[in-house]
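Below is one structure, written out as C-alpha cells; comments come after it.
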C-alpha cells in the first residue's frame, strides 16, 4: 500500500469527497480482457510477449482501437496501424466467447466497498471505456436478485466519446450525470491511463494494484494505492477523507 498527499477535508470544505466513480474491468470485475487480447494476436506476435505489464501500460482503460494499436506498437509489430482494426475485432470476438463461457467474476472486496460507499449515501457511477462492461455487469447477479449494473446511480460505460483515457472526458461526464463537482469525486481505478484521467479531471485517484503494479499506479499520479479495497478506512470516508485502515 502506498500513498501521496491523500485527499482529506472537513465537512464544510468544497473538496470533501462524497461521490464515487468506478472503473469496471480490474476494479469491480475479474474479466478475461487481458486473455482475449493475448489470444487474439494470432501470428502478429507471440502471445507470451503480451504480458500483464504490456496490458496495464498500453491497453487497460483505453478505447478498443487505441488499445489495439498501442499494444501492437509496444510489441514491435510491423505496419501496426494496418493490423490494429482487425486485431481489435478478433479480440472482441474472443472476449464475447469467453464471457459466454462464464469467465467473468466479481472481486469480493470491490462489492463490499461499493455497498459500504452506498451505505454512506454517496452517489456512485460506473465509468469504463469498454463497450463490454454493461453486458458483463448485467450478468453478475447480487443476493437481492438485482444485477451489479443496478447498483449504480449513473452509468457511462461504453459511451461514444471524443477522447479516451487518459483524457478525463469519461470521468467528467460521470460527475456531470451525478450533478457532482469534480473536486468531490473519488475515482477508483486499476490502470495508469485511468489514474491519469482522474487527476486530469481534478478528482481524487485511488489505485487498486491487483497485479503487483503499485509503483506504476503511483507514477501515474494515484493519491493512494491499495491491493484490496478492504484496506480503505470507511470511517474516514464518512468525513470525506481517503485513508487506509490502520493495521
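Residue numbers (our numbering): 256 to 502.
Think of the CB as a built atom: it goes at the ideal place given N, C-alpha and C, for glycine as much as any other residue.
Drop a sphere of 10 angstroms on the beta-carbon of residue i, count the other beta-carbons inside from all chains shown, and report buried for 16 or more, exposed for fewer.
i           : result
residue 375 : exposed
residue 396 : exposed
residue 493 : exposed
residue 328 : exposed
residue 317 : buried
residue 311 : buried
residue 384 : buried
residue 417 : exposed
residue 363 : exposed
residue 297 : exposed
Is residue j closer than 8 Å to residue i when the C-beta atoms are compared?
i           : j           : result
residue 421 : residue 350 : no
residue 379 : residue 275 : yes
residue 462 : residue 437 : no
residue 365 : residue 283 : yes
residue 480 : residue 473 : yes
residue 381 : residue 392 : yes
residue 278 : residue 445 : yes
residue 323 : residue 342 : yes
Could you check the C-alpha separation between residue i and residue j for me, to the nearest Å?
i           : j           : result
residue 371 : residue 332 : 45 Å
residue 439 : residue 271 : 5 Å
residue 299 : residue 344 : 14 Å
residue 501 : residue 352 : 42 Å
residue 295 : residue 314 : 14 Å
residue 347 : residue 293 : 12 Å
residue 256 : residue 412 : Per-residue confidence for residue 256 stands at a pLDDT of 44, beneath the threshold of 50, marking its modelled position as unreliable; no derived number is given.
residue 487 : residue 460 : 13 Å
residue 361 : residue 285 : 6 Å
residue 290 : residue 307 : 9 Å
residue 404 : residue 450 : 22 Å
Less than 8 Å between the CB atoms is what I'm expecting for residue i and residue j, so what's the real figure, rounded?
i           : j           : result
residue 321 : residue 419 : 5 Å
residue 441 : residue 497 : 6 Å
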